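One structure is given below, encoded as structure tokens.
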Amino acid sequence: MFLISLLPILGIVVGLWPPEQVTFADLKPFLAYQGLSVSIFMTLFSAIFSTLVSLYIAFMVYSQYHLSQRLQSFEKYLAPLLSLPHLAIALGLVFLFSDGSLFFVDPGLPRKGLSTLILAIVIKEVPFFLLIFSAIGRQLPIKYWLLQGKALGYQDYRCWWFLVFPPLLKQSRLALLAAAAYTLSVVDVSLLVGPNIPELFAVSVYRWQTSFAAGDQALAFWANVMLVILLAVTVFILYAHEKLAHGACKSLATQGSRFYLGKINPIFTAWLPMLGLLTAMMVVVFALWSFGFNWHSDSLVLTQLTTKLWQDEWLFFSLPLQNSLLIGFFAGLLGVALALLALELQRQKGKYWPDYYWLLAIILPQLSMVLGWQIMHIWSQGGYHSGWIVLSHLPFTFAYAYLVLKGPFLNVEPRYELLAASFGYSSWQSWWQVRFRLLLPAVFTAFAIAFSVSISQYIPTLMMGAGRVTTITTEAVAIGTGTQQDLIALYVLLQSILPFMAFFVAALLARRFRGSMGGNSVRDY
């Protein structure tokens, strides 16, 4: 368990260990590389901007749903929105809104560009932040703060921004860093919808890492060092933003200045339904394309639909589909099991380690980390098979499972286990029969999220499998660089269906279990 948490640190250390042939003289060619400064700036800008925009949108959405009767529907919306991978959202935007898309009037969204990348990440990260806010909100006396603020004469939106936002922002530090770190080192989405000239920094890093050209390994080393520096800069900017936001909220609250941002909060009441509609439209468009429906033809009739592409491609996607299911199942199952084990061991010791220790896999640059794992894998001469892919996915599935399970785990009342002990249950029996059963709905949700995280992994799968273990995601990225729209839609649809089915099954199991328990279970996220 502790090794799983230390794997990210080992990966970073080994990945940043300079090869023998690399010297400080190689730093000059790296810094002089054409387009490097623009590429780094665009990468840093997209990471910070998309993260902060997602944060503020998520907060305004959350302020409209918390403590209302719509909270149940709010949480139900999160599952299908979280199930769609970044890659599917990015390509879905292209299919819906770019030139030659479903709408006959071009909305002006470029097929490849920084705006498309940022929009895709914002759409994906808003549900993630809502998940975090939903978890944190249960641990904060938000209702009491709002009552105090209204008693002092503040309007509702001012209470939310001046009293709730600062502590919520402070407790969301790791989530902010995780979202920004993802954008810093994301390759698949940047490769398919990001700008080409210059390309984003993560794409350049990956290209240098996998190149055999003379001098590229030196460029890759210094690029990985730069990734860590960019992460440090990101931490500083996010920390400065937190301090500025706290200061601004305090100043506006004490001086009684006009606060225009808060007045637009009600607009975001419709954000989740609109996002749900957008998600459904993306899936429908992928399905129509994969079944041969073309709205640019002269005859727009459903008789155009055909299963020919599915039949032709079955032999090609059956193995990647099987690999994705098996790897996702075992990586998700092990991630959830280890997260429960980590939480239980900390509970028994009466001391909980800082969250950043358990979440290192999602707050460190993935490219540098996976490069270190790849080097260690080569040293071990372990061959290339699905087991290594499961191991490379495990730190990520563990981190997200831990993030989801910690709140429900801490909310289980100890009196239930004390009551079980009074009936003669051993500590193990009381844990299994009481605590675990109360946690089952949250466990189902955690597994669905961990499974979805595994399905969407591109860099760990490609680098640890050396391209010999194919999954739906690696195939979708490879095909996505081409121009055959129907084939792209088929593979992205498959990538979208797998997480959605996991969330659907998890929701059914959670509902059935709550019914059998009479509704007395810890609420999951």
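Heads up: the sequence shown begins at 1 in the UniProt record's numbering, then just goes up one per residue.
C-beta: ideal position from N, C-alpha, C; glycine also.
Given the structure is predicted, the values throughout are model-derived calculations rather than measurements.
{"Asked": "DSSP three-state call for TRP353: helix, strand or coil?", "Found": "coil"}
{"Asked": "Can you find the residues in the same chain that come closer than 7 Å, C-beta to C-beta, to CYS249, ignoring five residues on each side of it along the sequence?", "Found": "TRP161, PHE162, PHE165 and PRO166"}
{"Asked": "Span of the alpha helix (DSSP H) holding TRP379?", "Found": "366 to 380"}
{"Asked": "Between VAL453, ALA446, ALA466 and LEU371, which has its C-alpha nearest LEU498's C-alpha?", "Found": "VAL453"}
{"Asked": "For my contact list, LEU55 and PHE129 are in at a C-beta cut-off of 8 Å; report their separation, rounded to the angstrom.", "Found": "6 Å"}
{"Asked": "Can you tell me whether PHE41 is buried or exposed? The criterion is at least 16 other CB atoms within 10 Å of its CB, across all chains shown.", "Found": "exposed"}
{"Asked": "For ALA361, which residues of its own chain have a beta-carbon under 6 Å away from its beta-carbon, when the five flanking residues on both sides are left out?", "Found": "PRO8, PRO395, PHE396 and ALA399"}
{"Asked": "So, using beta-carbon positions, are TRP222 and ASP216 closer together than 8 Å?", "Found": "no"}
{"Asked": "Can you find a C-beta in chain C that's less than 8 Å from the C-beta of LEU252?", "Found": "In the displayed structure, chain C is absent; only one protein chain is listed."}
{"Asked": "Does the distance from the C-beta atom of ALA506 to that of PHE436 stay below 8 Å?", "Found": "no"}
{"Asked": "Buried or exposed, going by whether 16 or more other CB atoms sit within 10 Å of the CB of SER50?", "Found": "buried"}
{"Asked": "Which same chain residues end up closer than 6 Å to ASP298 when comparing Cβ atoms and leaving out the 5 residues on each side of it in sequence?", "Found": "Because ASP298 carries a pLDDT of 49, less than 50, the predicted location of this residue cannot be relied on, and the following value inherits that uncertainty. Result list for ASP298: empty, nothing under 6 Å."}
{"Asked": "Can you give me the Cβ contacts of VAL390 inside the same chain, cut-off strictly under 6 Å, excluding the 5 residues immediately before and after it?", "Found": "ILE327, PHE330 and ALA331"}
{"Asked": "Less than 8 Å separating the beta-carbons of LEU184 and PHE30?", "Found": "no"}
{"Asked": "Where does the unbroken alpha helix (DSSP H) through ASN411 begin, and where does it stop?", "Found": "386 to 411"}
{"Asked": "Under DSSP, the alpha helix (DSSP H) around PRO198 begins and ends at which residues?", "Found": "Per DSSP, PRO198 belongs to no alpha helix (DSSP H) and is neither H nor E."}
{"Asked": "Would you check if the distance between the CB atom of PRO320 and the CB atom of GLU475 is smaller than 8 Å?", "Found": "yes"}
{"Asked": "Does DSSP put ARG511 in a helix, a strand or coil?", "Found": "helix"}
{"Asked": "Between the stretch 476 to 483 and the stretch 181 to 195, do at least 3 Cβ pairs fall closer than 8 Å?", "Found": "yes"}
{"Asked": "Based on Cα-Cα distance, which residue from LYS124, THR307 and TYR144 lies nearest to TRP271?", "Found": "LYS124"}
{"Asked": "Which class does ASP298 belong to by DSSP, given the choice of helix, strand or coil?", "Found": "Annotation note: pLDDT 49 at ASP298 (below 50); position unreliable, coordinate value reported separately. In this structure, ASP298 counts as coil in the three-state DSSP scheme."}
{"Asked": "Distance, Cα to Cα, TRP358 vs THR234?", "Found": "20 Å"}
{"Asked": "Looking at the structure shown, is GLN64 part of a helix, part of a strand, or coil, going by DSSP?", "Found": "helix"}
{"Asked": "What residue from ALA88, SER98, MET226 and GLN495 has the CA that sits closest to LEU27's CA?", "Found": "MET226"}
{"Asked": "Assuming contact is defined by CB atoms lying nearer than 8 Å, are ASP156 and SER290 in contact in what I supplied?", "Found": "no"}
{"Asked": "I'd like the ranges of any alpha helix (DSSP H) spanning at least 4 consecutive residues and lying wholly in the stretch 414 to 490.", "Found": "414 to 422, 427 to 430, 436 to 455, 459 to 465 and 472 to 480"}
{"Asked": "Report the option in PHE268, THR269 and LEU305 whose CA atom is closest to the CA atom of VAL284.", "Found": "LEU305"}
{"Asked": "Tell me whether GLY482 is buried or exposed, calling it buried when 16 or more other Cβ atoms sit within 10 Å of its Cβ.", "Found": "exposed"}
{"Asked": "Going by Cα to Cα distance, which pick from THR461, ASP312 and SER496 is closest to HIS377?", "Found": "THR461"}
{"Asked": "What does the alpha-carbon distance come out to for the pair TYR182 and VAL203?", "Found": "13 Å"}
{"Asked": "Report the three-state DSSP secondary structure of ALA32 (helix, strand or coil).", "Found": "coil"}
{"Asked": "Should THR470 be labelled buried (16 or more other beta-carbon atoms within 10 Å of its own) or exposed?", "Found": "buried"}
{"Asked": "TYR458 to LEU152, Cα distance in whole Å?", "Found": "52 Å"}
{"Asked": "Using only alpha-carbon positions, find the residue among MET463, ASN196, SER83 and PRO18 that is nearest to LEU36.", "Found": "ASN196"}
{"Asked": "Alpha carbon to alpha carbon, what distance is there between LEU439 and VAL228?", "Found": "37 Å"}
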